[in-house]
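Chains A and B, in that order, give the protein sequences. Add 5 to a position in the first sequence, counting from 1, and you land on the number used in the numbering used here. Add 5 to a position in the second sequence, counting from 1, and you land on the number used in the numbering used here. We put the beta carbon where it would ideally sit given N, CA and C, even for glycine. Owing to the predicted nature of the structure, the values given are computational and were not obtained by experimental measurement. Worksheet: one structure, shown below.
Protein chains: 2
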Amino acid sequence: MRLALEKGFFFPSSEIYSGPAGFWEYGPLGVGFRNKFVEVWRRELLRKDGMLEIDGSQIMTKDVFRASGHLDSFTDPIVKCKKCGSIFRADRLVSEKTGTLVTEGSSEKELDDLIEKHLIRCSKCGADFGGTKKFNLMMSVEIGGDKEEAYLRSETCQSIFVDFLRIFKVMRCKLPVAIAQFGKSFRNEISPRQSMIRLREFYQCEIEIFFNPNQSDVFQKYDGISKNRLRVCLDGKKSQNMSCSELLKKGILPSQMIAYYLVLLQSFYEKTGLDMTRARFRLLSDAERAFYSSFAFDFEVETSMGWTELVACNYRTDYDLVRHGQTSGREHSVMDGEAQVVPHIFELSMGVDRSIWAILEHSLTKHEERDVLELKPYLAPIQIGVFPLVNRDGMEEKAAEVLSKIRKDFNAFYDRSGSIGRRYRRADEIGVPKCLTIDTETLANDTVTIRDRDSMKQSRVHLDELRGILNTTFLFPD
Amino acid sequence: MRLALEKGFFFPSSEIYSGPAGFWEYGPLGVGFRNKFVEVWRRELLRKDGMLEIDGSQIMTKDVFRASGHLDSFTDPIVKCKKCGSIFRADRLVSEKTGTLVTEGSSEKELDDLIEKHLIRCSKCGADFGGTKKFNLMMSVEIGGDKEEAYLRSETCQSIFVDFLRIFKVMRCKLPVAIAQFGKSFRNEISPRQSMIRLREFYQCEIEIFFNPNQSDVFQKYDGISKNRLRVCLDGKKSQNMSCSELLKKGILPSQMIAYYLVLLQSFYEKTGLDMTRARFRLLSDAERAFYSSFAFDFEVETSMGWTELVACNYRTDYDLVRHGQTSGREHSVMDGEAQVVPHIFELSMGVDRSIWAILEHSLTKHEERDVLELKPYLAPIQIGVFPLVNRDGMEEKAAEVLSKIRKDFNAFYDRSGSIGRRYRRADEIGVPKCLTIDTETLANDTVTIRDRDSMKQSRVHLDELRGILNTTFLFPD
């Protein structure tokens, strides 16, 4: 967190005004890193699999969330102190005070009983609470002079569902088809904490796979990955590596298609530099699953905040398209061969900000005399440091010349202050993979020192070779 | 518009529910094109000039817009029909009915007088209006259980202003420094029309250049561009090309620094494929300028909807940092050499959706027997079409093999339906620069036909040469 704040990865929004919690800004390093993360997502999931990407409006009309069930059901239980008016999320309060986990689906009555039984009082003033109430997490906005009711979407997937018929038609799709989106969603959390883990405004990368449920048993792309192993946690405790064929045989995975997409997701995260020995697919119990989901794995990683969900992998059945079909009066079915079907949906719903946080945590390595952010070179927000050894004899001008040659193609930064060793440390801390130093030899023969972040090795290269070397360093590996 | 809707560039949001106007979705081709547009913006403005990029939260606390003046002043005049309740934007209504342009700054009294003088009545039912009122365009949201007042930002630049002190410090900046942002803004327009031109939720690319007003006369980077010519319109009618040195000498441009950034902007748009003979920098009159602006050019292009503003280039003075300093109680000054200064700001505020629209319009060319979307290859959302000549003899399998080899690095699509000529036409219409056809010769000797969109020329290349050719085609030119 210190690194994030002091180096410009991210920091609280409206900071000079002490704005409300749960809103964060990406600084220059954060934007660069996140954009590259999203590009790897596009490359390793979307383009590799031939998915379509859309970008929908964040404000959507009321009917969307009437159909999706969010207006009725997307609530958290809250209690309000009768005396000081402080508001708490009831289930979390009870969990904290009793030390036992309260499931998210507990009723208001159950929570009231627990509060009474354990004599739970306001944490701020000690007074009694009024009864538990439902608090809807949707954020509403009024549109135009008529104040038409609309909402900030609470999940990006709703855009994909309501756009499905048009996309399927204009892109001349066939089932199965995957439609993806990177964008913001909004949830009016009662007490957002844990910095980037629980936000009120956050980025998602969601992938919705539409398929014919009668045709999902045999999935051609599965053939190439049947022996791949997934790291799964079936009992909420122990993780184990199991092959896809084994998971299918034991009935843990419902279909070849789902196996294929979980493998694709796992292999994407491997490439982001996440420590995969601290990651797992955790099978959710019936009580934990969302109401529309008939099968769900959470892709989780271990961070300083415990096991954290990065991706919800949900089999949403035909719930979404049936509901939007009923509410809009326009049946959401398409032709698959000779059959008219309402597609079922399998979803990979990724939290981007959390993923960014987890990768940063897993990448930060403390060595004896330096901190190194060991980001993959293709994910580093700053790729190259350019340093004049000393600020005289024309070295600065030469460094500026080198910088101007590379900086349209690479993210390069210039640093002239402090000893060269100190400049290397600063670069290591923010994960710069290569640093170039301009010295007297550069002025004599156009060679520079290129220094590697991880090995700290230095070598001399001619400026004519530089572009080739940098291209190879930052190329995405196949 | 037909192309946009039918090919998946963009289409109305919440379409199946007839949602409110002014909200649009980008379909697969639109997302691809827009992302590439933003990448060119990053390359040709941000990286070329060494700017910093941030990504701030869209919901910001009330104080931000109290300081910026938006809560008081960001209003449009409206009238409401006494009988049917229809709401109109008063200045536009008067303009339309009288055929004379009403300036945006007209008072409620002036508008009421014009309505009375010209006997303007409700366009829907013919009844009288109540008096003109101010309607604030900010969209409010309530945060958390306490319903804390916050707003969706109406311009991305406010994030840059409130983050300025932190960014300046953690990125170890010196004046002048440019901070940029790509992101969404929200304005509660009364009657949004003209598709992508006037939206309620829209993308901006904003660049804020912070500088010491006492040091802006001499600007080193100006030396390289003093002879560059800008296409300016000084009287609102005639456009002419004038060199920067001439514009400075005549006092039309206030500083070398501003000249440099206008040249940078113009050269960016040249690379997007906009027809620059239909573009101009129009000098705004005193009455047209925003209240905080002491000098302003609009970068405009001619489209089917007339001259359309794409970028507002505003000299915002020290207005923003002084106001945020006063409201937050934290002076927004920094050291510049020996002096403590409140930086002045010059801004390039770009409408992304409008730019996308204009480039598409300027790129769509009707030939006798085909429509071609002549996008620059590096901006084409789909770069390569892969077609099996016929669907037998293993050509489909071979085509799939070719596709899988290139599609992680390029945006490629597969099309097997219809005659090859028809497939070329379909590709031309959405701007695909290169198409590969797999035929019997491919099966025999691993060569494919590569067909060029613009020249329609075909040549045979070996699959081993393919990557090299595609790399060259889609490389960004220096």
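- CA-CA distance, Gly35 (chain A) to Gln388 (chain A), rounds to 14 angstroms.
- Where Asp117 (chain A) is concerned, there is no enclosing beta strand (DSSP E), although the alpha helix (DSSP H) around it starts and stops at 113-122.
- Of all residues in the segment 30-44 of chain A, only Glu30, Tyr31, Gly32, Pro33, Leu34, Gly35, Val36, Gly37, Arg39, Asn40 place a beta-carbon less than 9 angstroms from a beta-carbon of chain B.
- Separation of the CB atoms of Val99 (chain B) and Ile120 (chain B) is rounded to 6 angstroms, and the pair is thereby assigned contact status at 8 angstroms.
- For the segment 7-18 of chain B, the beta-carbon criterion of a distance under 7 angstroms to any beta-carbon of chain A is satisfied by Glu11, Lys12, Gly13, Phe16, Ser18.
- One Cα belongs to Gln245 (chain A), the other to Asp420 (chain A), and the distance between them is close to 47 angstroms.
- At a cut-off of 8 angstroms between beta carbons, Thr66 (chain B) contacts chain A.
- Listed along chain B are Gly150, each with a C-beta nearer than 8 angstroms to that of Phe140 (chain A).
- Exclusion of the five residues before and after Glu11 (chain B) leaves no residue of its chain whose Cβ lies closer than 7 angstroms to its Cβ.
- Distance between Leu269 (chain A) and Arg52 (chain A), taken at the CA atoms: about 12 angstroms.
- The criterion of a C-beta distance shorter than 8 angstroms is not satisfied by Ser354 (chain A) and Gln163 (chain A).
- Rounded to whole angstroms, the separation of the alpha carbons of Thr454 (chain B) and Phe418 (chain B) is 16 angstroms.
- Between the segment 339-348 of chain B and the segment 179-199 of chain B, the count of Cβ pairs shorter than 8 angstroms is three or higher; the stretches touch.
- Identification of chain A residues near Asn193 (chain B) by a Cβ-Cβ cut-off of 7 angstroms yields Ile148, Gly149, ordered along the chain.
- Look at the segment 263-332 of chain A and you find these whole runs of beta strand (DSSP E), each 3 residues long or longer: 284-288, 300-308, 311-322.
- Listed along the chain, the chain A residues whose CB falls inside 7 angstroms of the CB of Phe79 (chain B) amount to none; the nearest CB is some 15 angstroms away.
- Here the C-alpha atom of Ile165 (chain A) lies approximately 19 angstroms from the C-alpha atom of Lys189 (chain B).
- Val306 (chain A) counts as buried, since at least 16 other C-beta atoms from the protein chains shown sit within 10 angstroms of its C-beta.
- Under the criterion of beta carbons closer than 8 angstroms, Cys318 (chain A) and Phe302 (chain A) qualify as touching, at roughly 4 angstroms.
- With 16 or more other Cβ atoms inside 10 Å of its own Cβ, Pro82 (chain A) counts as buried.
- Contact annotation: Arg287 (chain A) and Gly241 (chain A) have beta-carbon atoms nearer than 8 angstroms.
- Per DSSP, the beta bridge partners of Ile212 (chain B) are B:Ala185, B:Leu353.
- Taking 8 angstroms as the CB threshold, Lys189 (chain A) lines the interface with chain B.
- Among the residues facing chain A, Tyr274 (chain B) is not included, as its CB has no counterpart in that chain under 8 angstroms away.
- When DSSP states are grouped into helix, strand and coil, Asp77 (chain A) belongs to the helix group.
- Around the beta-carbon of Cys130 (chain B), fewer than 16 other beta-carbon atoms lie within 10 Å, marking it exposed.
- DSSP lists A:Trp29 as the beta-bridge partner residues of Pro17 (chain A).
- Here Phe392 (chain B) is near Ile443 (chain B), since their CB atoms are less than 8 angstroms apart.
- The C-beta distance from Phe42 (chain B) to Leu394 (chain B) rounds to 34 angstroms, too long to meet the 8 angstroms contact threshold.
- At least one C-beta of chain B is nearer than 8 angstroms to the C-beta of Pro25 (chain A).
- Judged by DSSP in its simplified three-state form, Ser409 (chain A) adopts helix.
- With respect to chain B, the C-beta atom of Asp280 (chain A) has no partner C-beta closer than 8 angstroms.
- For Gly131 (chain A), the nearest beta carbon of chain B is not closer than 8 angstroms to its own beta carbon.
- The distance from the Cβ of Glu352 (chain B) to that of Glu211 (chain B) is about 7 angstroms, consistent with a contact at the 8 angstroms cut-off.
- Cβ neighbours of Gly399 (chain A) within its own chain (closer than 8 angstroms, five residues either side excluded): Leu448.
- Between the C-alpha atoms of Asp280 (chain B) and Glu406 (chain B) there is a straight-line separation of about 39 angstroms.
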